[in-house]
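A.B. asks:
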Amino acid sequence: MSASVKSLLSTLTSRGPHRVLRGNLAIAGQPGVVYTPENGLGLPAVAFGHGWLTGVANYRELLQHLASWGFVVAAPDTERGPIPSHLGLATDLLTTLDICTGVRLGDGEISVHPDKLALVGHGMGAGAAVIAAAQRRVAAIAALYPAPTAPSAETLAPDLDIPALVVAGDDVSSVSCNALSLTAAWGGEALLRTVDGASHNGIIEGRRALAALGASKHEAKTSRTTRALLVGYLNYHVLGDKTYKPFADPEAAIPHTQLVDPNAPREEERPKLSVGTLAQLLRK
Numbered sequence: 001m002s003a004s005v006k007s008l009l010s011t012l013t014s015r016g017p018h019r020v021l022r023g024n025l026a027i028a029g030q031p032g033v034v035y036t037p038e039n040g041l042g043l044p045a046v047a048f049g050h051g052w053l054t055g056v057a058n059y060r061e062l063l064q065h066l067a068s069w070g071f072v073v074a075a076p077d078t079e080r081g082p083i084p085s086h087l088g089l090a091t092d093l094l095t096t097l098d099i100c101t102g103v104r105l106g107d108g109e110i111s112v113h114p115d116k117l118a119l120v121g122h123g124m125g126a127g128a129a130v131i132a133a134a135q136r137r138v139a140a141i142a143a144l145y146p147a148p149t150a151p152s153a154e155t156l157a158p159d160l161d162i163p164a165l166v167v168a169g170d171d172v173s174s175v176s177c178n179a180l181s182l183t184a185a186w187g188g189e190a191l192l193r194t195v196d197g198a199s200h201n202g203i204i205e206g207r208r209a210l211a212a213l214g215a216s217k218h219e220a221k222t223s224r225t226t227r228a229l230l231v232g233y234l235n236y237h238v239l240g241d242k243t244y245k246p247f248a249d250p251e252a253a254i255p256h257t258q259l260v261d262p263n264a265p266r267e268e269e270r271p272k273l274s275v276g277t278l279a280q281l282l283r284k
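Reminder that position 258 of the sequence shown reads as 258 in the UniProt record's numbering, one-by-one numbering, no gaps.
Here is the structure:
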């Protein structure tokens, strides 16, 4: 493992050099939040889609981290209920990109370059990002711990030739994660990495409705590694900074992660029996 890769990962887990400002997207007609560097013209921008039963407040550290590395990061705060519209969230992501590229942000000292755009999402927000990418070309997409959506992201993926980073946890083969099928279906260059010891909701911060459904707590290590993978990948594909090529290289070994071939044969897991089911079988 290259010492330079270790050093890059360590650097990217820390906040970047930019002071971060926070704004309200609702001023432009879209409920949500925007984080930006203090100033800069022609900056890259990320539209971020949140997961199921969460909102943008549950990703504050992630969004601020991206902004500290020079990205304008905007996240719609919609479709937060138990029966969300994935297509609606995708539409809001596209509206958010239009806002970022169409208006000067801050005190007019911040602008976004129309060719330096990325779509990023977590869980259902990852699927919404794919749906949005099918309607508007961006420089890159990142699906963090993706979950199934309607319409299915896998049905749209074959027509997308933009580079994609897919990040998953140890539960990559579970029914709640479609990382394998999404990566396998991708039409362009797609990279799937799993984060050691991560669960699919580990990057969600603070109090959340998912806790009542038995979801695990926030995983600090998972969040740090995910943030580093994301910034490194976007720096390479959106900004063209070759320093960060290992984060887009399928041959590169990155600490605390594993590269996964989505087409590799896998053993089917045997269904788990509950105590009640086992008792019924024993009575027969």
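Backbone N, C-alpha and C fix where the C-beta goes; we use that ideal spot for every residue, glycine too.
Measuring only the C-alpha atoms, how far is S181 from L259?
C.D. replies: Spanning the two alpha carbons is a distance of roughly 15 Å.
A.B. asks: On the premise that P163 lies in contact with G188, defined as a C-beta separation below 8 Å, what is that separation, rounded to the nearest angstrom?
C.D. replies: With 8 Å as the limit, G188 and P163 qualify as a contact, their Cβ atoms being about 6 Å apart.
A.B. asks: Could you check if R193 is buried or exposed, using at least 16 other CB atoms within 10 Å of its CB as the buried criterion?
C.D. replies: By the neighbour-count rule (16 or more Cβ atoms within 10 Å), R193 is buried.
A.B. asks: For G102, count neighbouring Cβ atoms within 10 angstroms of its own Cβ and tell me buried if that reaches 16, exposed if not.
C.D. replies: By the 10 Å Cβ count, G102 comes out exposed.
A.B. asks: Look at the alpha carbon of H86 and the alpha carbon of L41, and state the distance between them as a whole number of angstroms.
C.D. replies: Using only the alpha carbons, I get a separation of about 32 Å.
A.B. asks: At the level of alpha carbons, what is the spacing between A248 and K242?
C.D. replies: Rounded to whole angstroms, A248 to K242 spans 10 Å at the Cα level.
A.B. asks: Apply the 10 Å Cβ neighbour rule to E79 and answer buried if 16 or more other Cβ atoms are within range, or exposed otherwise.
C.D. replies: Label assigned to E79: buried.
A.B. asks: Compute the Euclidean distance between the alpha carbons of D107 and V167, then round it to the nearest angstrom.
C.D. replies: One C-alpha to the other measures close to 35 Å.
A.B. asks: Can you check the region 83-148 for any beta strand (DSSP E) of at least 3 residues that lies completely inside it and give the ranges in chain order?
C.D. replies: Runs of the beta strand (DSSP E) inside the region 83-148: 110-122, 140-144.
A.B. asks: Expressed to the nearest angstrom, what Euclidean distance is found between the alpha-carbon atoms of V238 and T149?
C.D. replies: Using only the alpha carbons, I get a separation of about 26 Å.
A.B. asks: Hey, L191 and V46: beta-carbon distance below 9 Å or not?
C.D. replies: No, the pair does not count as a contact, with Cβ atoms beyond the cut-off.
A.B. asks: Assign T194 to one of three DSSP states: helix, strand, or coil.
C.D. replies: Correct three-state label for T194: strand.
A.B. asks: By the 10 Å Cβ neighbour count, where 16 or more other Cβ atoms means buried, how is L63 classified, buried or exposed?
C.D. replies: Buried, because 16 or more other Cβ atoms sit within 10 Å of the Cβ of L63.
A.B. asks: Take the Cβ of I254 as the centre, count every other Cβ of all protein chains shown within 10 Å, and call the residue buried at 16 or more, exposed below.
C.D. replies: Buried, since its Cβ has 16 or more Cβ neighbours within 10 Å.
A.B. asks: Which of the three DSSP states is assigned to H18 in this structure?
C.D. replies: Looking at H18 - three-state DSSP - the assignment turns out to be coil, as it is neither helix nor strand.
A.B. asks: So what's P246 in DSSP terms, helix, strand or just coil?
C.D. replies: DSSP places P246 in helix when its eight states are reduced to three.
A.B. asks: In whole angstroms, what separates the C-alpha of G169 from that of T11?
C.D. replies: Answer to the nearest angstrom: the Cα atoms are 22 Å apart.
A.B. asks: For F48, which beta-bridge partners are listed by DSSP?
C.D. replies: Paired residue(s): V120.
A.B. asks: Is it the case that the Cβ atoms of A132 and P44 are separated by a distance below 9 Å?
C.D. replies: No, these two residues do not count as a Cβ contact at 9 Å.
A.B. asks: If I follow the unbroken beta strand (DSSP E) through Y35, where does it start and stop?
C.D. replies: Here the beta strand (DSSP E) through Y35 covers 32-37.
A.B. asks: Could you compute how far the alpha carbon of A26 sits from the alpha carbon of P246?
C.D. replies: So the alpha carbons of these two residues sit roughly 38 Å apart.
A.B. asks: Taking the beta strand (DSSP E) that V72 belongs to, which residues open and close that run?
C.D. replies: Unbroken beta strand (DSSP E) run through V72: 72-76.
A.B. asks: Please classify T183 as buried or exposed, where buried requires at least 16 neighbouring CB atoms within 10 angstroms.
C.D. replies: Flag for T183 reads buried.
A.B. asks: Buried or exposed: which applies to P82, given that a residue is buried once 16 or more other Cβ atoms fall within 10 Å of its Cβ?
C.D. replies: With fewer than 16 Cβ atoms within 10 Å of its Cβ, P82 is classed as exposed.
A.B. asks: For T183, which beta-bridge partners are listed by DSSP?
C.D. replies: DSSP output for T183 lists no bridge partner at all.
A.B. asks: When DSSP labels each residue in this structure, what does L165 get in the three-state scheme?
C.D. replies: If DSSP states are grouped into helix, strand and coil, L165 belongs with the strands.
A.B. asks: Count the other CB atoms within 10 Å of the CB of P17; is the residue buried (16 or more) or exposed (fewer)?
C.D. replies: So P17 ends up on the exposed side.
A.B. asks: Just verifying my parser: in three-state terms, what is the DSSP assignment at G276?
C.D. replies: Low confidence applies here, because G276 scores a pLDDT of 39, under 50, leaving its location unreliable and the question unanswered by this model.
A.B. asks: Taking the beta carbon of K6 as the centre, do at least 16 other beta carbons fall within 10 Å, making it buried, or is it exposed?
C.D. replies: Burial call: exposed.
A.B. asks: I'd like the span of the alpha helix (DSSP H) that includes H62, first residue to last.
C.D. replies: Sequence inspection shows Leu at residue 62; the His mentioned does not correspond to that position. Where L62 is concerned, the enclosing alpha helix (DSSP H) stretches over 60-68.
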